[in-house]
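Student: Dumping the structure here so I can ask a few things about it.
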Amino acid sequence: VMKIPFFARFGRWKLYTIWRTSVIRQKIRKSRNLLSKALFILNPTMRDALLAVRSECVTVSTWGLLDLTTPTTKPGTRPPVVPSEQRRRGRPGKKRFKWPIAEASALPIRGAGGSCCRVEEFAEAQTVCRQTLSKNLMAVRESLKMTVLKACARSLSDFLKANGFHQPKELQSVFSLVEDADGDEEGEEGAAEPDHHFTYTEQATTRTKCRELVRFIRTCEYILSDSVSAMCFRSTEGLLALLDQYMKQVEEEERRRLEGGPSTNLSRAETMKSILAQPYRPGMLGVLDAPPLEKPIFIVDCTFVVGQHRRGGEHSSRLEFSPTGQDFRTFIEESLMESLRAVSSSPSFLALPEFRPFVAPLSEVGSSDAPTISSTRTAGAVLNNQQLGEVLLAVGERVANLFDKVMDFTATYQRYVRMYDENEVMSIEEDYGPDAELEVYRDGLVKYRDEQQMIAAIEPRKEIGLFRLDAEAFQKTLKPNPVKCLEKLQRYIPEMAMDRIHRLLGELKEANEKLGTLPSNVEEFVHFTTYLGKLAGTDGKDAAASSGSPDGAREEGDDTRVGDGEGEAVISLQAMESRQEDVGDIMDLVKEFNIKTSTKQRTSFMELSQALGSLRNQIEFSQGNTEANINRFIKELGQEIPVMLDCVTKGFDKLRDHKLSDESLASSKEGRQEVLETLEHIDQHVAATIVDAQRINDYQEALKIEVTPFEKVDELKVLCGSVARLWKSLEEWEQTSEQWLQWRFGLVDVDKISKEVAVYQKVAMQSTKQLETNAVAAKFTAKVTAFKNTLPVVMALRNSALKERHWEEINEIIGVELDLESDELTLGVLLSMGVDKSMEEIQEISGRAAAEQSLEEMLDKVKRVWEDLELVLNPYKDSKEVFILGSVDDVITALEDSLVNISTISGSRFVGPIRDEVEEWQKNLMLFQETLDEWLAVQRNWVYLESIFSAGDIKKQLPIESAKFMEIDQHWRNIMKDTNDYSVALVAGTKEGRLEQFKEFNETLDQIQKSLEEYLHSKRKAFPRFFFLSNDELLEILAQARRVQAVQPHLRKCFDNLVKLRFSGGEDDKSGGGGSSGGSDIVGMISSEGEEIPFFKALKARGNVEKWLLEVEEHMIKSMHAVMKKGFIDYPEQPRKEW
-14 VMKIPFFARF
-4 GRWKLYTIWR
6 TSVIRQKIRK
16 SRNLLSKALF
26 ILNPTMRDAL
36 LAVRSECVTV
46 STWGLLDLTT
56 PTTKPGTRPP
66 VVPSEQRRRG
76 RPGKKRFKWP
86 IAEASALPIR
96 GAGGSCCRVE
106 EFAEAQTVCR
116 QTLSKNLMAV
126 RESLKMTVLK
136 ACARSLSDFL
146 KANGFHQPKE
156 LQSVFSLVED
166 ADGDEEGEEG
176 AAEPDHHFTY
186 TEQATTRTKC
196 RELVRFIRTC
206 EYILSDSVSA
216 MCFRSTEGLL
226 ALLDQYMKQV
236 EEEERRRLEG
246 GPSTNLSRAE
256 TMKSILAQPY
266 RPGMLGVLDA
276 PPLEKPIFIV
286 DCTFVVGQHR
296 RGGEHSSRLE
306 FSPTGQDFRT
316 FIEESLMESL
326 RAVSSSPSFL
336 ALPEFRPFVA
346 PLSEVGSSDA
356 PTISSTRTAG
366 AVLNNQQLGE
376 VLLAVGERVA
386 NLFDKVMDFT
396 ATYQRYVRMY
406 DENEVMSIEE
416 DYGPDAELEV
426 YRDGLVKYRD
436 EQQMIAAIEP
446 RKEIGLFRLD
456 AEAFQKTLKP
466 NPVKCLEKLQ
476 RYIPEMAMDR
486 IHRLLGELKE
496 ANEKLGTLPS
506 NVEEFVHFTT
516 YLGKLAGTDG
526 KDAAASSGSP
536 DGAREEGDDT
546 RVGDGEGEAV
556 ISLQAMESRQ
566 EDVGDIMDLV
576 KEFNIKTSTK
586 QRTSFMELSQ
596 ALGSLRNQIE
606 FSQGNTEANI
616 NRFIKELGQE
626 IPVMLDCVTK
636 GFDKLRDHKL
646 SDESLASSKE
656 GRQEVLETLE
666 HIDQHVAATI
676 VDAQRINDYQ
686 EALKIEVTPF
696 EKVDELKVLC
706 GSVARLWKSL
716 EEWEQTSEQW
726 LQWRFGLVDV
736 DKISKEVAVY
746 QKVAMQSTKQ
756 LETNAVAAKF
766 TAKVTAFKNT
776 LPVVMALRNS
786 ALKERHWEEI
796 NEIIGVELDL
806 ESDELTLGVL
816 LSMGVDKSME
826 EIQEISGRAA
836 AEQSLEEMLD
846 KVKRVWEDLE
856 LVLNPYKDSK
866 EVFILGSVDD
876 VITALEDSLV
886 NISTISGSRF
896 VGPIRDEVEE
906 WQKNLMLFQE
916 TLDEWLAVQR
926 NWVYLESIFS
936 AGDIKKQLPI
946 ESAKFMEIDQ
956 HWRNIMKDTN
966 DYSVALVAGT
976 KEGRLEQFKE
986 FNETLDQIQK
996 SLEEYLHSKR
1006 KAFPRFFFLS
1016 NDELLEILAQ
1026 ARRVQAVQPH
1036 LRKCFDNLVK
1046 LRFSGGEDDK
1056 SGGGGSSGGS
1066 DIVGMISSEG
1076 EEIPFFKALK
1086 ARGNVEKWLL
1096 EVEEHMIKSM
1106 HAVMKKGFID
1116 YPEQPRKEW
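Those letters in the sequence shown? Residues -14 to 1124, by the numbering used here.
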């Protein structure tokens, strides 16, 4: 049985259980004794005081910070007491208790119970509330102080009696409280006078009791502080809940307004009336059972600030609100903070002199238990409360959000602001005016009437949640605005109608007067019939009146107002009738809107109808009288035709006068002036004849008879114009050509002369065709042609390319020495020398000069390119002393272009004067081209070999080639340094001996490269796998022959899938370091997959690289054999997975 685990371990388990039970009982007993001593609620003396303090503090916690008596919290109702556990719950995620706002004894303000107040009134009420609250709180603190003081005195007295100590003189004032409380219950013993001081033993024993009493005092103070904090937190949360209720109320009002339901701002009777007027739907009567709405607390004044008004510009009128949303938020937050400071600024009980006897015993001996006295414990608990701070912030945000609702509502007032601004700049002349349509006036009257109704419909006072918007001042400012505009328009419409009536009456009177005057000749009769036809609308044109034009001042193109033959506008009868109808429509509009009119205005409208009827009768009478007189005036018109034809014949006779074709008169200035005066008289006669012919044709057309064609009149007009143009052009030519001949030759503008000569030649050719028998036309043509033929030689002589050698040839040809700088050498003098006879020779010389100048300009362009073109030099490997050529693309491009230009110049047949210079430039450019090619080749080879021979190992292995290279290197550095000092390309590239030097360098460098190739080939023969590497890669290995790790980057190309060798000392993956000491033993190889094969034994990497790489290859093969052999042996003995 003892071998069974349960029975084997039972003894140990039992002993452990007994020990554990005993330890737990001792701990419980010790804790119970400790709690019995430490808990004040278990002390009979302190229990009553503690319960009294807690009871009073619960009452304090139900007070309110602000005076916000609202319909939901009526004065006289006692707020409920909430358990402390529920009050201490955290706010987030819990359904918090809805604390009432105002305390039962709060002083009501103006606005409590339903009416609103202004901020100043609210501030005054809060000041009274804070004073009352501070006074009540101080009274409670005084009561609690006495309760705690008596409890401490009784407890200390009992303690001294229990320990057999007498009452010392130091505590006489404390024990007197106990005696006053107990009365005569103590008897004579309680009335004994203290007769001694504390001994040292009594002081030490008393300090223990004082520590307990200080904790009790502090506990009571904590309870009071917590109750004040609860009051503050409850009040601010209650204010937040009230603001939330206001927000819900505003949102519900907005929802009802959008749905078209009854407004929550209506009274109960109005709401019932609104509901009964709608079709029934489920739930609609629930509105009457809704809880009463919160009434606004604050008044917001909305005022209208009138700004500057300028037509076509921006207006500055705006709405202002007093106070603003920020003012309200700041005020509420400051009121709360003032109230919080008022209830939290009280001294600590321990700091009071009454509690000095209980604190002094601890302070006198410097005890570590001496209490820290602070007078701002309540202030810290209230003002530093994080949750309270969050609520205060939320209150401020709610106030701001509620004011935003006011702003949202007043956004509808912006249309009134725009309306006011538009009406202030309203102008009768610009917005309406005499030419406006009737509907424009009607729309204006309706608009201003509707605006009056809209302004009257504005609610002077609108309740929006927490605020009541007072818009009475805003409405008062708006009211006169549309009234003023309406009055302007009502005054203008009758005046405008009277203006139209007066103008139309004047036109009717004028038409009657014209029709009442009978014509006495053909001209008057034609004008009369034309006017009558247009007035009656029977002149063949569409004279229909435009009913949309209200005024007599018609626009251009309107057929209701046409010419009467004298250029005067004629208004048709139909147009007058249409305008009379427009005036009638205006008078109807006046009646419709009850606009006041005078008796004179109504009488004038009646006179208009009578005058229009009189005109109709006069038109009928005039039409009948015209038919009776038309034959008489047709006969009179026929008698004028022969007279006009006789004038045409006389005109032809004057133009055929021999004087107009006399060459002798054309040769002198006086003769030309005489002919021009004669032509002026003839032109006046011809013009009068043309006017008479046109007048007769117009009268015939007006009288509806056949129009006589006057062909000869057109011929006369053409002939007169041709003769006049010929003589005028001849006179102008003589004057202009004389000016040209007097110009100094050096200032002659050949292009301008050529253009003007072309114009005169065109006139001369036209005159020759039109006036074939006129000798003057032929003479004029000959003069212009002769002058034109001299222009080519003049243009050749004015060629700016002519140089001294060319002028010598020209002087030899014409046989005269020309002084081009002389003022006496004019164009006339030059032509008198007969230069036109040698025109071909001079033009040939001028053309050759132009070609030579073109070649010289091409050569100058080449010169300018190479004057500033420099070689680009760059530092070699960041060295400040060694340079190499940079990009030469620009130089090569310029060289190719220059060679092409030089080749073109040298191939021209006009290169003679500059042939030597051209050949010199061609030689230099060819030399520069060859030198640049050799230069670039030397630089290419030098850069390649410099990096090779800079390594010490290569120098040792190729000493002869290294010496040759170092010699070239020194010369190269000197050349490049000189070139950097003076880098003009052509100068540097054509320096004497430089081409031969570069050719010698290239030959030597080619020999060095050949030797280098042979050296590399020997290394490849020694280790054939080097054939897989390029020259640069092999040189990189050989240049670092003493550093065995240099082969690592190139192993993959030499061996298949070998990427790394493992060196002893872990240096296989290092790229730095040098020398052969340490880590030169090769111990393994690694593939690209990371597989590592150790060598069967370490290999010393010594000597030439090709030698030890052959050994590496041998070790690879042997190591693989060893590994395969080991795997073959281990296979039978190891599991396959491990193998």
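Glycine included, each C-beta is placed from N, C-alpha and C at the ideal position. Just so we're clear, the structure is a prediction, and the values are computed from it rather than from any experiment.
#1: Write down every uninterrupted run of the alpha helix (DSSP H) in the stretch 428 to 510 whose length is 4 residues or greater and which is fully enclosed by it, in chain order.
#2: Considering only residues of the stretch 845 to 913, which uninterrupted beta strand (DSSP E) runs meet the minimum length of 3 residues and lie entirely inside it, listed in chain order?
#3: Quick check on DSSP: helix, strand or coil for Cys101?
#4: Check whether the stretch 948 to 962 and the stretch 844 to 857 touch, using three or more Cβ-Cβ pairs below 8 angstroms as the test.
#5: Roughly how many angstroms separate the alpha carbons of Arg103 and Leu471, rounded to a whole number?
#6: Are Val45 and Thr221 closer than 8 angstroms when you measure CB to CB?
#7: Less than 7 angstroms between C-beta atoms, sequence neighbours within five positions excluded: which residues of the same chain meet that for Ala379?
#8: Going by other Cβ atoms of all chains shown within 10 Å of its Cβ, with 16 needed for buried, is Ser583 buried or exposed?
#9: Quick one: using the 10 Å Cβ neighbour count with 16 as the cut-off for buried, is Val676 buried or exposed?
#10: Looking at Ser307 and the ligand PLP, is the gap between the Cβ and the nearest heavy atom below 7 angstroms?
#11: Based on Cα-Cα distance, which residue from Ser301, Val285, Arg192 and Ser329 lies nearest to Phe313?
#12: Hey, quick one: how far does the alpha helix (DSSP H) through Met31 stretch, first residue to last?
#13: Just to confirm before moving on: does the CB-CB distance between Leu227 and Cys42 stay below 8 angstroms?
#14: Residues in its own chain within less than 7 angstroms of Ile1022 by CB, not counting five upstream and five downstream?
#15: Applying the criterion that 16 or more other CB atoms from any shown protein chain within 10 Å of the CB defines a buried residue, is Ser329 buried or exposed?
#16: On the DSSP letters alone, give me the boundaries of the beta strand (DSSP E) that Glu305 sits inside.
#17: Work out the CA separation of Lys984 and Thr975 for me, nearest whole Å.
#18: Would you identify the three-state DSSP class for Phe283, choosing helix, strand or coil?
#19: Check whether the stretch 731 to 748 touches the stretch 671 to 685, counting contact only when three or more Cβ pairs, one atom from each stretch, lie closer than 8 angstroms.
#20: Mind checking which residues open and close the beta strand (DSSP E) that includes Glu1077?
#21: What are the residues that DSSP puts in a beta bridge with Ser1072?
#22: How big is the Cα-Cα spacing for Met1109 and Cys1039?
#23: I believe Ala442 touches Cys287 by the beta-carbon criterion, under 8 angstroms. Please report the beta-carbon distance rounded to the nearest angstrom.
#24: Reducing DSSP to helix, strand and coil, say where Ile667 ends up.
#25: Would you check if the distance between the CB atom of Ala970 and the CB atom of Val876 is smaller than 8 angstroms?
#26: Which residue spans inside the stretch 958 to 986 form an unbroken beta strand (DSSP E) run of at least 3?
#27: Please tell me whether Leu980 and Thr916 are closer than 8 angstroms, where the distance is taken between their beta carbons.
#28: Would you grab the beta carbon distance between Leu129 and Glu339 for me? Rounded to a whole angstrom, and I think it's under 8 angstroms.
#29: Span of the alpha helix (DSSP H) holding Asn1016?
#30: Expressed to the nearest angstrom, what Euclidean distance is found between the alpha-carbon atoms of Ile440 and Thr117?
#31: Given a cut-off of 8 angstroms, decide if Val742 and Leu711 are closer than it, judged by their beta-carbon atoms.
#32: By Cβ distance below 7 angstroms, which residues in the same chain neighbour Pro898 in space, the five residues on each side in sequence not counted?
#33: With distances taken Cα to Cα, identify the nearest neighbour of Ala496 among Leu787, Asp484 and Ser557.
#34: Are there 16 or more other CB atoms within 10 angstroms of the CB of Asn408, so buried, or fewer, so exposed?
#35: Measure from the alpha carbon of Leu930 to the alpha carbon of each residue in Asn987, Phe283 and Gln595, then state which is nearest.
#36: When you compare only the Cα positions, how much space is there between Asp393 and Lys432?
Tutor: Let's see:
#1: 457 to 463 and 465 to 501
#2: Runs found: 858 to 860 and 868 to 870.
#3: Along the sequence shown, one-based indexing puts residue 101 at 116. Three-state DSSP puts Cys101 in coil, outside helix and strand.
#4: Contact between the stretch 948 to 962 and the stretch 844 to 857 is absent, because fewer than three Cβ pairs lie under 8 angstroms.
#5: Counting from 1 along the sequence shown, the entry for residue 103 is found at position 118. Counting from 1 along the sequence shown, the entry for residue 471 is found at position 486. Each residue's alpha carbon lies about 38 angstroms from the other.
#6: Here residue 45 corresponds to residue number 60 of the sequence shown, with the count starting at 1. Here residue 221 corresponds to residue number 236 of the sequence shown, with the count starting at 1. Against a cut-off of 8 angstroms, the Cβ pair of Thr221 and Val45 comes out as no contact.
#7: As a position in the sequence shown, residue 379 is number 394, starting the count at 1. Cβ within range, chain order: Leu225.
#8: Locating residue 583 in the sequence shown gives position 598, counting from the first residue. Looking at its Cβ environment, which holds fewer than 16 other Cβ atoms inside 10 Å, Ser583 is exposed.
#9: Residue numbering aside, residue 676 sits at position 691 when the sequence shown is read from its first letter. Val676 should be labelled exposed.
#10: With respect to the ligand PLP, the structure offers nothing, as it holds no ligand at all.
#11: Position 328 of the sequence shown holds residue 313. Nearest option by C-alpha distance: Val285.
#12: Position 46 of the sequence shown, counted from the start, is the residue given in the question as residue 31. Pro29 to Ser46 is the span of the alpha helix (DSSP H), which, as asked, contains Met31.
#13: Here residue 227 is taken as the residue at index 242 of the sequence shown, counted from 1. Here residue 42 is taken as the residue at index 57 of the sequence shown, counted from 1. No, they are not a contact pair.
#14: One-based indexing of the sequence shown puts residue 1022 at position 1037. These residues qualify, in order along the chain: Ala1031, Val1032, His1035 and Val1090.
#15: Along the sequence shown, one-based indexing puts residue 329 at 344. Buried, by the Cβ-count rule.
#16: Taking the first residue of the sequence shown as 1, we reach residue 305 at position 320. Counting along the chain, the beta strand (DSSP E) containing Glu305 begins and ends at Arg303 to Ser307.
#17: Indexing the sequence shown from 1 puts residue 975 at position 990. Indexing the sequence shown from 1 puts residue 984 at position 999. Each residue's Cα considered, the two are about 14 angstroms apart.
#18: Within the sequence shown, the letter at position 298 stands for residue 283. Correct three-state label for Phe283: strand.
#19: no
#20: Against the sequence shown, residue 1077 aligns to sequence position 1092. Glu1077 to Lys1085 is the span of the beta strand (DSSP E), which, as asked, contains Glu1077.
#21: Numbered from its first residue, the sequence shown carries residue 1072 at position 1087. Ser1072 pairs with Leu1043.
#22: To locate residue 1109, count along the sequence shown from 1; it is residue 1124. To locate residue 1039, count along the sequence shown from 1; it is residue 1054. Spanning the two alpha carbons is a distance of roughly 23 angstroms.
#23: Here the question's residue 442 lines up with position 457 in the sequence shown. Here the question's residue 287 lines up with position 302 in the sequence shown. A Cβ-Cβ distance of about 16 angstroms is found for the pair Ala442 and Cys287, leaving them out of contact under the 8 angstroms criterion.
#24: Residue 667 sits at position 682 when you count from the first residue of the sequence shown. Note: Ile667 maps to helix in three-state DSSP.
#25: Residue numbering aside, residue 970 sits at position 985 when the sequence shown is read from its first letter. Residue numbering aside, residue 876 sits at position 891 when the sequence shown is read from its first letter. Taking 8 angstroms as the Cβ cut-off, Ala970 and Val876 qualify as a contacting pair.
#26: none
#27: For the purposes of this step, residue 980 is identified with residue 995 of the sequence shown, where counting begins at 1. For the purposes of this step, residue 916 is identified with residue 931 of the sequence shown, where counting begins at 1. Going by C-beta atoms, Leu980 is nearer than 8 angstroms to Thr916.
#28: For the purposes of this step, residue 129 is taken as residue 144 along the sequence shown, with counting starting at 1. For the purposes of this step, residue 339 is taken as residue 354 along the sequence shown, with counting starting at 1. Their Cβ separation, rounded to whole angstroms, is 12 angstroms, which puts Leu129 and Glu339 out of contact at 8 angstroms.
#29: Indexing the sequence shown from 1 puts residue 1016 at position 1031. Segment Asn1016 to Leu1023, the alpha helix (DSSP H) holding Asn1016.
#30: Residue numbering aside, residue 440 sits at position 455 when the sequence shown is read from its first letter. Residue numbering aside, residue 117 sits at position 132 when the sequence shown is read from its first letter. Those two C-alpha atoms are separated by around 46 angstroms.
#31: Position 726 of the sequence shown, counted from the first residue, corresponds to residue 711. Position 757 of the sequence shown, counted from the first residue, corresponds to residue 742. Contact: no.
#32: Position 913 of the sequence shown, counted from the start, is the residue given in the question as residue 898. Within the same chain, Pro898 has close Cβ partners Glu837.
#33: Within the sequence shown, residue 496 is the residue found at index 511, counting from 1. Taking only the C-alpha atoms, the option nearest Ala496 is Ser557.
#34: Position 423 of the sequence shown, counted from the start, is the residue given in the question as residue 408. Counting Cβ neighbours within 10 Å, Asn408 comes out buried, since at least 16 surround it.
#35: Along the sequence shown, one-based indexing puts residue 930 at 945. The shortest Cα separation from Leu930 among Asn987, Phe283 and Gln595 belongs to Asn987.
#36: Here residue 393 refers to the residue found at position 408 when the sequence shown is read from its first residue. Here residue 432 refers to the residue found at position 447 when the sequence shown is read from its first residue. Using only the alpha carbons, I get a separation of about 26 angstroms.
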